[in-house]
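Undergrad: Just add 605 to the spot in the sequence shown (first one is 1) and you have my numbering.
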Amino acid sequence: MAKQYKIYSLISFQHKLATEQACIEYLALLRWPEGYRCSKCGCQESYQLRVRPRVFMCSAVCNHQESVTAGTILHRTKLPLLMWFWAA
Ligand SMILES: [Zn+2]
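Have a look at this one:
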């Protein structure tokens, strides 16, 4: 029984990660409909921070960081984005 539970929780954890990522990608699409563009230097290349996946960092020298939730009601929320999607 314990083993089954462990497998189940692993699957739901991965599922949660996948859906959180889907939410982030959706928000990123709303923020940058034509693809990422750094608001400081105009660079179109970015990467997501591993520890804070909601934050995109400019891959040019300016290293500007921009959250997909910046300027929205979701900014600074500690809740999983998915919760807000359910609430909406
Ligand atoms: Zn930049």
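Built from N, CA and C at the ideal position, the CB exists for glycine as well. Computed from a predicted model, the values in this text were never measured in an experiment.
Going by the C-beta, is ALA665 closer than 6 angstroms to any heavy atom of ligand 1?
TA: yes
Undergrad: Considering only their Cβ atoms, is the gap separating ARG636 from VAL673 smaller than 7 angstroms?
TA: yes
Undergrad: Under the criterion of a Cβ to heavy atom distance below 6 angstroms, does SER621 qualify as lining ligand 1?
TA: The sequence shown places Lys at residue 621, rather than the Ser named in the question. Not under cutoff, so the answer is no.
Undergrad: Between which residues of its own chain and CYS646 is the CB-CB distance below 6 angstroms, once the five residues before and five after are set aside?
TA: ALA665, CYS667
Undergrad: Does DSSP put TYR652 in a helix, a strand or coil?
TA: strand
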